[in-house]
Structures are given as structure tokens and as C-alpha cells.
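Taking mature numbering (1 follows the signal peptide of the UniProt record, and there is no 0), I'd label the letters of the sequence shown as residues -22 to -1, 1 to 125.
Cβ coordinates follow ideal geometry from the N, Cα and C atoms, glycine included.
Notes for the one structure printed next.
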Amino acid sequence: MTSNRILLSMTILLSLVYKSTCIHCFYCNSANNSACIDPTQLDDELRGRIIPIINCDTAVPRVAEYDFFCRKIVQTIYHPRKDSEVRVTRGCGWVRHDKPCYRADNSDHLETVCQCFTDHCNSADTFSSSTATALFVAFALCLYYYR
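Given below as C-alpha cells:
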């Protein structure tokens, strides 16, 4: 194999690895955006205009030893003199929990926190297969160039 083919292969593989580490998440809070409660009720075009999507690597200050992921938090906030309130927050996370979802029961609120690791996965939509696609392309390129 020529050195140009090796260089091209390495460049493509490295760009795919970098691309797979960037994650894009929905970023909203139902306290000021009611669409955040359930984005799956909106079609893709409307959802894209109403609920921001952020690249966690550029929107959040980098935390050195952690990789970003998407997070969804559903809180039931208990008020002493009125009905409880449900609030949904979607965004980026960086400290992983050992479970995909967990519950925390505090004195003034109950929260369910879920984490996921593919683009736009914190919408409760179907999961994106971008990482699997990138790995397949990398594998196919290796087979093509090293046969």
C-alpha cells in the first residue's frame, strides 16, 4: 500500500473518532419552554425551531477527565401551599451514574435522572445510530484499503 493511502486512511479514521466523541443534546427547561416536557409531540422541523440543540463540547466548559453525554431530569417539586409542579430539564452531563436512570427523593422534590450517549437521545425519541454508522464506515474503509 502506498504511503498516500495509509495517510488518507488514518486521516479518515481519526476524523471519525473525533466526530463520534462530540455529542449534541437537546437543551431546555420546561420552566421557560413548555415544549421541553415532551419534544416527541412535535415534528422534527418544529422541534428544531423551538428546542435548541447544543454541541456539549463547545457549549459547556471542558471537564478534563470526563466525556459528555445527554441528560434528562424530571423533577416533581413539592410546594407547601399549592399543587406540586413537574419540571423537565434537558442538557449535557459529564459525571456518569452506574445506571441509565435513577431516582432521588429529597425533602422538597423528587427527581428522575436519565443519561444517554447518542445525539439527541435526551428527547425520549428513538436512539440515533451515528456511532454505529461511523464504526461501520471505518471498518469498511479498512477492509477496502487492506485487502
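Check: Mind checking who Phe4 pairs with in its DSSP beta bridge?; Outcome: Ile31
Check: Decide yes or no for the touch test of the segment 66 to 82 against the segment 44 to 51: beta carbon pairs closer than 8 Å, at least 3 of them.; Outcome: yes
Check: With DSSP collapsed to three states, give me the class of Ala37.; Outcome: helix
Check: Cα-Cα, which of Cys6, Ala37, Val52, Glu43 is closest to Arg27?; Outcome: Cys6
Check: Short of 8 Å in beta carbon distance, which residues of its chain neighbour Asp86, apart from the five on each side in sequence? Order them along the chain.; Outcome: Ile55, Tyr56
Check: Looking only at C-alpha atoms, which of Thr90, Tyr80, Arg40 sits nearest to Val64?; Outcome: Thr90
Check: Per DSSP, which residues does Thr82 bridge with? Please list them.; Outcome: The sequence given here has Ala at residue 82, not Thr. Paired residue(s): Glu89.
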